[in-house]
Amino acid sequence: MKIWTSEHIFCHPWETVAQASWRKYPNPMNPNVVAIDVLERDVKNGILHSRRLLSSKWVFPGWARKILGSERICFAKENSTVDPTNRIMTLFTQNLTFCHLMSIDERLSYTAHPEDPSKTLLTQEAVVTVRGVPLSSYLEGFLTNTISLNASKGRQAMEWVIGKLNAEVHDLTTTAAKNLHVLTSPPTVQASSLPEC
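With the UniProt record's numbering, letter number 192 in the sequence shown gets 192, and the count goes up by one each step, no holes.
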């Protein structure tokens, strides 16, 4: 078993980061995630609970393909909670593919930064366990390194999505201001178009 942990600070408020998390895929930094399907979603006591199915392409090295099989779409389940009152979003993901050989349990938590509420603290943890195959410790190390690389790409993807969100807000604000100006401006009448008495 190998455990990987990480912390990262986003210089954006929690509400923006939580919203970006829902729109993270697809993105150019993580092209391996090919689909996300919402299986269940409800609100209990003001907390949003969601279950999603994630589909992604995993590219294994040649030696791992001999053990695990060929490259294919892999599936994982994600359970998440969003508590807007306490500004906490938690996502827990477990692999469904190859679960008889390995388990990858990943937990992400987005919280308002305790010292600066205009920022968001991301804490991540992954527990990787490989069993019943040769070189299991080596494979655990490979998977842990892959998770670390993907986490870095995931943070870049979040910044990319936040940039898109900010651009959308800017475009909406600009359009609304133009429309408001048109609606509140007095109509102009050209003298030549007035009927003669």
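Note that the Cβ used here is the ideal one computed from N, Cα and C, for glycine as well.
Discussion item. Against chain B, does Q94 count as a neighbour if the rule is that its beta carbon must be under 8 angstroms from one of theirs?
Written reply: This model lacks chain B altogether; it includes just one protein chain.
Fill in: At least three beta-carbon pairs within less than 8 angstroms, the segment 42–53 to the segment 148–167
Touching, no, given that fewer than three Cβ pairs across the two stretches are closer than 8 angstroms.
Fill in: Unbroken beta strand (DSSP E) run spanning H8, endpoints
Residues K2 to F10.
Worksheet item: Since W58 sits in a beta bridge, which residues does DSSP pair it with?
Response: R72.
Discussion item. Using only CA atoms, which one of Y138, V161 and E125 lies nearest to T5?
Written reply: For T5, the closest alpha carbon among the candidates Y138, V161 and E125 is that of E125.
Discussion item. Between the alpha carbons of P26 and P186, how many angstroms are there, rounded?
Written reply: When only Cα atoms are considered, P26 and P186 end up about 45 angstroms apart.
Worksheet item: With 16 as the cutoff for other CB atoms within 10 Å, does A76 come out buried or exposed?
Response: Looking at its Cβ environment, which holds 16 or more other Cβ atoms inside 10 Å, A76 is buried.
Worksheet item: Whose CA, out of P84, T97 and S80, lies closest to the CA of T90?
Response: If you compare the alpha carbons of P84, T97 and S80 with that of T90, the shortest gap goes to S80.
Worksheet item: Rounded to a whole number of angstroms, what is the C-alpha to C-alpha distance between H8 and P114?
Response: In a straight line, the C-alpha of H8 is about 13 angstroms away from that of P114.
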